[in-house]
Structures are given as structure tokens and as C-alpha cells.
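Notes follow the structure.
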């Protein structure tokens, strides 16, 4: 009896499934086709996206190489072409780099190009911040200092990504109009910011020393340009006349040991080929004690 009920139940289920399949088989087949087609389409999209990214990467590297080779106009054209035809990520980078290439030839035009990126509603905010900072760097030495502070002072707040760079530029603008107190305030903000880069903080400390001394730095990042101006002349003098090389040549003309100080008598008693005349110094000083 139990087997009979089991067989009836199985037959009922089989008939029920057959009815469902007969009624909805077209929907099941369509769903299966859609799933297979979607999977295949996604794979094809990934394949072509990868190929496009690889091609854009090669194009971007070629444009960078043109920039390194000093072919600024050609590099700008290559970046602009990539900005028009490349994938979104590379196109975003290429637009910023194209404006950078203009800076070497026409800073004012480059600053305007960066402003255009900032005004583009579809341009990513992180890159807008970079564009604003680059435009400020290009304008700090050419714009009126007061107008520069009014234009970029709002970016010195805590929410701007490159706030400390903007603060340094504002300090330079204050230097240009001889507002040492204002420059000191901007530099103090950099030094007090725990998230400021260490190199920028050290440069701000050096600038602040000039402020406290009442001196304005030279234009265009004086902390970075001053050392190269003085280091090259000093280097040959140091290498051409080392003290150790002159000591053996001057010993024949040196005054007698009795008239010379202890520091000069030591080389007189040292052998000509001795590299360290200071070793004989204790023997000279012993009789004096």
C-alpha cells in the first residue's frame, strides 16, 4: 500500500513538472540564451577593453618619451590625441599632461589650459585639484601678489589636497609685496600641519628664517635655486688647494721650530712622506710640560 501511494505521488510530480515545462519552456530557453549571451558579451568586452588599455598605455608612454626628448610640441599633440580617443583613465591623464607641455613654452596659456580643466564638470575632482595647483605655480611670479592671494587664498584651507603647496605659494606672493608678516603666517601654517610633506616643512622653516631676519628670498623657490648658484665656484677651489697637499711643499720655507707655534712645528719634524704630521705632536709637547 505504501508503494502504491509513493508511485502515485511520483507520477503526480512528474505530470506537474511536465505541465510547468510545457507552459514556460519558451521563457526558460530565453533566459538561458540571455545568460549565455551576457556572459559571452562580458568576456568580449573585457578582451577589447584590455586591448584598448594596452594600446593607450603604449601611446601614453610614447608621448612621455617625446616629452623627455624635449619635443614638447609633438608631446602635446600626442597627449591631445590620446585625450580624444583613449579610454577614460588615460584620457584624463593625457589632458593634464597636455597642459603641462604648454607650460614650458607659454606659462600663461598653460595656466588657462589648467583653468579649463578645473571648469570641466566631468573632470575628476582629484585631477582638478592638481590642475588648480599647477595653475597657481605658473602664476605666482607673474600675477599681481594681492590678486594672487585673493584668487588662491581659499585653497589654503584644511580640506584642499595640496593646501601646503598653496600656502607656500601664498607666502612667496606675500614676499613679493614685502608683507613679511603675512608670509610668516602662511609659513607657520605649513610648519604646524602634521600632514605636510617633510621636505616642504623644511623649506618653510628655511623661508621663515628669512622672514624673521627681515629678508625676502629671491624669486622662484629660492631655497632650491640658491645652492646651485654658489656651489659650482666653491667646488674647484676646495679640490685645487687641499691643506694636506700644501703641507709638504711649505715645510722647507717654514720658520724655525723655536719661533713657530706647536701646530706649525709638527709638520717640520715629520718625514716628507708622512700622511699624518699630527702623530709627532705629543713628542713636541712633552718637554713643554
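Numbering (the UniProt record's numbering), first residue to last: 1 to 289. Yeah, the Cβ is synthetic: ideal placement off N, Cα and C, and Gly gets one too.
Checklist entry - Using 8 Å as the Cβ pair cut-off and three pairs as the minimum, do the region 62-79 and the region 98-108 touch? => result Yes, they touch.
Checklist entry - Just checking, does the region 191-203 make contact with the region 169-183 on the three C-beta pairs under 8 Å criterion? => result No: the two stretches stay apart, fewer than three of their Cβ pairs being nearer than 8 Å.
Checklist entry - Contact check, residue 127 vs residue 139 under 8 Å by CB: the rounded distance? => result As a working mapping, residue 127 is identified with position 127 in the chain shown. As a working mapping, residue 139 is identified with position 139 in the chain shown. Not confirmed; about 19 Å, so no contact.
Checklist entry - Is residue 161 helix, strand or coil by DSSP? => result Residue 161 sits at position 161 when you count from the first residue of the chain shown. Here residue 161 sits in coil by DSSP.
Checklist entry - Is residue 14 buried or exposed, if buried means 16 or more other CB atoms sit within 10 Å of its CB? => result Here residue 14 refers to the residue found at position 14 when the chain shown is read from its first residue. Using a 10 angstroms sphere on the CB of residue 14, the tally of other CB atoms stays under 16, which defines it as exposed.
Checklist entry - Can at least three beta-carbon pairs, one atom from the region 55-63 and one from the region 27-45, be found at a separation below 8 Å? => result The region 55-63, when compared against the region 27-45, does not touch it at the 8 Å Cβ threshold.
Item to check | Contact set for residue 111: own chain, Cβ-Cβ below 6 Å, skip 5 residues either direction | outcome: Residue 111 sits at position 111 when you count from the first residue of the chain shown. The residues 135, 138 and 139, in chain order, have a CB closer than 6 Å to that of residue 111 in the same chain once the five nearest residues on each side in sequence are set aside.
Checklist entry - Going by Cα to Cα distance, which pick from 23, 82 and 202 is closest to residue 54? => result Residue 54 sits at position 54 when you count from the first residue of the chain shown. Closest by C-alpha distance to residue 54, out of 23, 82 and 202, is 82.
Checklist entry - Can you tell me the Cα-Cα spacing of residue 208 and residue 159, whole angstroms? => result For the purposes of this step, residue 208 is taken as the residue at position 208 of the chain shown. For the purposes of this step, residue 159 is taken as the residue at position 159 of the chain shown. One Cα belongs to residue 208, the other to residue 159, and the distance between them is close to 24 Å.
Checklist entry - Count the other CB atoms within 10 Å of the CB of residue 186; is the residue buried (16 or more) or exposed (fewer)? => result Counting from one through the chain shown, the residue named residue 186 turns up at place 186. Its Cβ being crowded by 16 or more others within 10 Å, residue 186 is buried.
Next on the checklist: Please classify residue 48 as buried or exposed, where buried requires at least 16 other C-beta atoms within 10 Å of its C-beta.
Outcome noted: For the purposes of this step, residue 48 is identified with residue 48 of the chain shown, where counting begins at 1. By the 10 Å Cβ count, residue 48 comes out exposed.
Checklist entry - Over what stretch of residues does the alpha helix (DSSP H) that includes residue 93 continue unbroken? => result Residue 93 sits at position 93 when you count from the first residue of the chain shown. First-last of the alpha helix (DSSP H) with residue 93: 88-103.
Item to check | Closest Cα partner of residue 164 within the set 18, 38, 130 and 114 | outcome: As a working note, residue 164 is residue 164 in the chain shown. Measuring from the Cα of residue 164, the nearest candidate turns out to be 130.
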